[in-house]
Amino acid sequence: MRRIEVIVTVHVESHNKFFSDLHLGHIKFFELLLKKECKVPMTLLIERSKDVSSCYADDKPFIDEIRKQNIMEVGLHIHPALSRYTYDEQKQRITDEHNLFTDAFGFAPKSFSGGHWCINNDTVKVISELGIVTDASVVPGCTVAAHNGTIVKYSDKFIKPYWICDNNLSKEAPISNILELPVSVVEDGQLVDIGRAETKVILDALYKMSLSNLVSSYLHMTFHSYDLLFANGKHNYMYDKILLIADSLRYCFDEVNFYTCYNYYLLKKGGKRT
Ligand SMILES: [Zn+2]
């Protein structure tokens, strides 16, 4: 009996000059999620900066509808890449964004991912202090680089979820305040950014994973909502790609369970509680 636990995160960005087009893409994406039967739970990690905070109001009706379906989670994503800043600078920035999010949506985010996947131990400390309980930024064995010169090299130590010990990304605890959900990486080191990776590459990796002797596997796939705009105008492209991957997983494994980040946290917390 081979089982796999799957998490899909979506970075919903607003940070570049194509903001207005991107926002149009976000709305189409949200509409798509509302129209289709959502078979795959996802965690939408939303990035907004102070100067465009008004768009939270634009997104709110969609967020409210998505949340009613009780299958999607909405969390926080922050640019620029945070790890080059001091603890105090990160504290200010993340707190500001956390407050904007909470004011706009009426609930506090439980899940987080850092811009360009660049976080450090100070980031973990700040999000923990704000009551966030999962992070989805670590890319095991990879060096990630952001436009502002930030470079983070992650060890290949953790390819499965782990409880971060003492806000130290390199230390695992039996249980802690923050559950890290590393992004899955395929064999050649290519990030499973399913908006960019060839479908065949992803399916090959999943098939190989299913052949391993491990009884239980973990897969965290991530993509950017704006890849919808770059898929030849086919706004259902990413969604159909995810459904194809989901069907392939069900073919390769005996049991496939999808989770949002927070639901996965609750599962693991329950399982580890003594
Ligand atoms: Zn981002």
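Sequential numbering from 6 applies to the sequence shown in this note's numbering. Built from N, CA and C at the ideal position, the CB exists for glycine as well. Every value quoted in this text rests on a predicted model; they were computed, and no experiment measured them.
- Contact between Val11 and Leu224 holds: their C-beta atoms lie close to 5 Å from each other, under 8 Å.
- Look at Ala178 here: in three-state DSSP terms it is strand.
- Around the beta carbon of Lys40, fewer than 16 other beta carbons sit within 10 angstroms, so the residue counts as exposed.
- Just so you know, the alpha carbons of Glu102 and Arg72 end up roughly 20 Å apart.
- Distance from Ile183 to Ser142 at the Cβ level is roughly 11 Å; contact not present, criterion being Cβ atoms closer than 8 Å.
- Between the segment 141-159 and the segment 95-114 there are fewer than three inter-stretch CB-CB distances shorter than 8 Å, so the stretches are not counted as touching.
- By the neighbour-count criterion, in which a residue is buried when 16 or more other Cβ atoms sit within 10 angstroms of its Cβ, Ala62 is exposed.
- For Ile207, the three-state secondary structure derived from DSSP is helix.
- For Glu70, the shortest C-beta to heavy atom distance toward ligand 1 is 7 Å or greater.
- For Met226, the enclosing beta strand (DSSP E) has its first and last residue at Ser221 to His229.
- Annotation: the continuous alpha helix (DSSP H) that includes Arg98 extends over Tyr92 to Phe110.
- The three-state secondary structure of Ser253, taken from DSSP, is helix.
- By a beta-carbon distance limit of 8 Å, Phe106 does not contact Ile137. Their separation comes to about 11 Å.
- Counting every other CB atom within 10 Å of its CB across the protein chains shown gives Leu219 a total below 16, marking it as exposed.
- When distances are taken from the beta-carbon of His225 to the heavy atoms of ligand 1, even the shortest one reaches 7 Å or more.
- Restricted to the segment 127-184, the beta strand (DSSP E) segments that are unbroken, complete and at least 3 residues in length are 148-150, 156-158, 167-170 and 173-178, listed in chain order.
- Nearest Cα to Asn172 within the set Lys130, Val188, Thr48 and Ser217: Lys130.
- Remark: the shortest separation between the CB of Gly120 and any heavy atom of ligand 1 falls under 7 Å.
- Within its own chain, the residues whose Cβ lies closer than 8 Å to the Cβ of Val261, once the five positions on either side in sequence are excluded, are Arg8, Ile9, Val11, Ala251, Leu254 and Arg255, listed in chain order.
- The criterion of a C-beta distance shorter than 8 Å is satisfied by Ser230 and His16.
- No Cβ-Cβ contact shorter than 8 Å links Leu186 with Asp127.
- Asn262 sits in a strand when the DSSP states are folded into three classes.
- The secondary-structure analysis by DSSP pairs Leu50 across a beta bridge with His16 and Gly80.
- Here Arg8 carries a strand assignment [DSSP, helix/strand/coil].
- By the CB criterion at 8 Å, Pro166 and Lys273 fall inside the cutoff.
- A residue is called buried when at least 16 other Cβ atoms come within 10 angstroms of its Cβ; Asp245 does not meet this threshold and is exposed.
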